[in-house]
Each structure stands twice: as C-alpha cells, then as structure tokens.
C-alpha cells in the first residue's frame, strides 16, 4: 500500500499500525468469498494468517527433543478442562500446533467431569489434524470418597484463608491429577505426557518451580514420611530430598508447577498414592507438591529435568526461555529459591566433587500471585 508523504505523520503511523490487520482482513475476505465460509471459519483464517512461523532457534529446540527419523513414543497432549474453557483451549491448541505439534501430530485427550458439548468438540477438532479424544471422569476419580468426614471438610472449607480453600472442584482436580489420571482408559496405552527423548532416562520434566502456600500442605510431609517409614526401600539412593528441605531440615514447600509437566506415566502407575489420608479435602493438598515430593524421593536426580529452554505463561506467572535475548526477562526465575535449590541439590547428587556454585547473588522466594 502506498502512503503519500504529504499525509501527516500521525495518520501515516495510524495507517502503518493497522496495515497488517487490514491485509489479513482482505485475504480472509477473499478466501471466504471463494469458499462460502462461516464467520467462525473466517475468524480462524484471520488468526492463522496473523501467526508467525517458527524461528530457527525454536526449530533447534524441537529437534533436540525429537530428532529427525526417530520413531515417536506413545504420547499425547492431555488436558482436564470444562466446556466453558473452549476459547482458552483453542488459543492453547493453536500455539501448540504452530510451534510443535503440526510437525509430530501427537493426539489430544480432553477430560471433563461432565459430557463435552458438541460445540466444544467441534471447536477444538477444527484446529488440528491430529486425533482428538474426549473422556468423562467417573465418580471414583472425581467424587468425594465415602470415608471423608463431611462435617470436618465443611468446617475446613468455610474457614480456609488460602487460595481455592473454599472450592470443592479444585480439591477434586488436585486429587485426580495426583493419583487417578493414569487410570483413565484413554491413557491406558500411553507412555508419556507430551514428549521427551525416550533414550535419555528422564521420567519427569518441568518448567516453573516455586513454594507452596504451607497451610494447604500442613500434614503432607509428615504423611509422606510415615509412608517412607513403612516402605524405606522405595526411596531412591540418588534422590533430591535436599531440594524439599530448608537449611534447618524442615519441609520448604518447593514444588514443580504441574500446569506444564512432562511425565513418564509408568511412574504414576506405581502404588504410591496418599489418598487415604484425606489431605486433598481437609487441607487442599495440591497435585504439584504431591508430584514433586514423589519425583524428588522416588526418582534418581538424573531422571528429572528442568526445561529452561522452554517459555511458558500461566496467569500470574511467566517464564522466558534461556538465551541472550531473554536474559533480562528470565533473571528473576533463575534466582528464585526453588530453582536455585533444585540446581544445587541435583549438582550435589550427580557431581558431589563439584566446587563451583550454580548461582551467586541474591535468591528470591517465588509463590503464585493471587488476584
């Protein structure tokens, strides 16, 4: 488009600012005119035309975890969602397809405690050529167990002053993600959430680490130690227990944030579930600290991996990938207490003779921000 030089600078800036949107709109309109598309399909075309193509640096990261010519493992992208999450899930799928899954075509599995609507099914299927499955949770995995003291639970729910303390569904979600997700029939043949190199021995991969609200896990550590006392042989000799403790030897609440995790499902399928203690309802135990304690104690340190080269955003928390372009944005994450503690603990296990510190300078505590 030609913008005359006689046009005022203010109007020229305005024209140039909206030029990409105008061009995208014209292209989408042209395509729609030749194919008789719906408004939803037109919106999708406009969105796709506006998306950037993968950059070489991003391609290098993808190739690192999925070399060319290698047979994919049995993996899927799994999400526990509600029908009302359609818009947000469509945005997530679009980003995953643009940057990753359009190359590898891993299937999607969506789980819900109620039947999915036809609108939800159609809305996500249109965004990917991969296989998409929808599953409903049964009462065992989503309901409240009969042995939970309902009166005690209601008192805790009314008096809780921590995030999601008054929520039934959040407790059920944490319980399901901690010990029932692997039992769902749609996941029966899977080996991994997401995808990691199968020959590197990794079992658990994560992106963000932070401390938990301690009121929500008041008895989790002691309950775990009680289990360990009965089954001491299950603890890995090369574990990351130090990462879970402060310098005084007390549980510090550090955990891998499970909003983005890559897991070898064989690890979930071992008999280490804490459900009977009732802490998911009485205290609101989160699936993140449960997963993290299990991974730190029962896996070798070498089987866990921090994906520092992957960027991730979730409301209130963001992490930029490593690299010089992002060094300023990621400095806080690198200095957070749980990240530094993890790196130091893993170094002590894998390289006990090392004398070089993994981090110098101030260390910051990082917890979720509550709006």
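In my numbering, the protein residues as written are 26 to 396.
The beta-carbon is built from N, C-alpha and C at its ideal position, and this holds for glycine as well.
Simplified DSSP state of residue 126, which is helix, strand or coil: In the three-state reduction of the DSSP assignment, residue 126 falls in the helix class.
When you compare only the Cα positions, how much space is there between residue 377 and residue 370? The alpha-carbon separation between residue 377 and residue 370 amounts to approximately 10 Å.
Roughly how many whole angstroms lie between the Cα atoms of residue 135 and residue 158? Those two C-alpha atoms are separated by around 6 Å.
Considering residue 249, what are the terminal residues of the alpha helix (DSSP H) in which it resides? Membership of residue 249 in the alpha helix (DSSP H) is indicated by the continuous run 245-255.
Under 6 Å Cβ to Cβ from residue 249, same chain only, skipping five residues before and after it: list those, please. 318, listed in sequence order.
Going by C-alpha distance, which of 192, 200, 203 and 209 is nearest residue 162? Of 192, 200, 203 and 209, the smallest CA-CA separation from residue 162 is found for 209.
Can you list, in chain order, the residues of its chain whose CB lies under 7 Å from that of residue 269, leaving out five sequence neighbours each side? In the same chain as residue 269, and ignoring 5 residues on each side of it, the C-beta atoms closer than 7 Å to its own belong to 276, 277, 279, 318 and 321, in chain order.
Cβ neighbour criterion (16 or more within 10 Å) applied to residue 206: Residue 206 should be labelled buried.
Can you find a heavy atom of the ligand ATP that lies under 7 Å from the Cβ of residue 150? As for the ligand ATP, it is missing from this structure, which has no ligand bound.
Under the three-state DSSP convention, the category residue 114 falls into: Residue state, collapsed to three classes: helix.
So which of 100, 245 and 308 has the shortest CA-CA distance to residue 316? The residue from 100, 245 and 308 with its alpha-carbon nearest to that of residue 316 is 245.
Check whether residue 173 and residue 311 have beta carbons under 8 Å apart: In this structure, residue 173 keeps its C-beta atom at 8 Å or more from the C-beta atom of residue 311.
Going by C-alpha to C-alpha distance, which of 263, 271, 361 and 314 sits closest to residue 324? Nearest to residue 324 by C-alpha distance, out of 263, 271, 361 and 314, is 263.
Buried or exposed, going by whether 16 or more other CB atoms sit within 10 Å of the CB of residue 109? Around the beta carbon of residue 109, a 10 Å sphere encloses fewer than 16 other beta carbons of the protein chains shown; the residue is thus reported as exposed.
Under 8 Å between the Cβ atoms of residue 305 and residue 150? Between residue 305 and residue 150, the gap from beta carbon to beta carbon reaches 8 Å or more.
Would you check if the distance between the CB atom of residue 241 and the CB atom of residue 363 is smaller than 8 Å? Cβ distance not < 8 Å, so residue 241 and residue 363 don't count as in contact.
Between 153, 144, 366 and 309, which lies nearest to residue 198 when the distance is taken from Cα to Cα? Residue 198 has its Cα closest to that of 309, out of 153, 144, 366 and 309.
On the CB-based measure, 16 or more other CB atoms within 10 Å of its CB, does residue 125 come out buried or exposed? With 16 or more Cβ atoms within 10 Å of its Cβ, residue 125 is classed as buried.
Taking DSSP's pairing of strands, which residues face residue 289 in a bridge? Residue 289 pairs with 217.
Can you tell me the Cβ-Cβ gap for residue 292 and residue 231, rounded? I've got them flagged as a contact below 8 Å. Not really, about 13 Å apart at Cβ, beyond 8 Å.
With DSSP run on the structure shown, which of helix, strand or coil describes residue 108? Note: residue 108 maps to helix in three-state DSSP.
Starting from residue 316, follow the alpha helix (DSSP H) in both directions and report where the run begins and ends. Boundaries of the alpha helix (DSSP H) around residue 316: 312-323.
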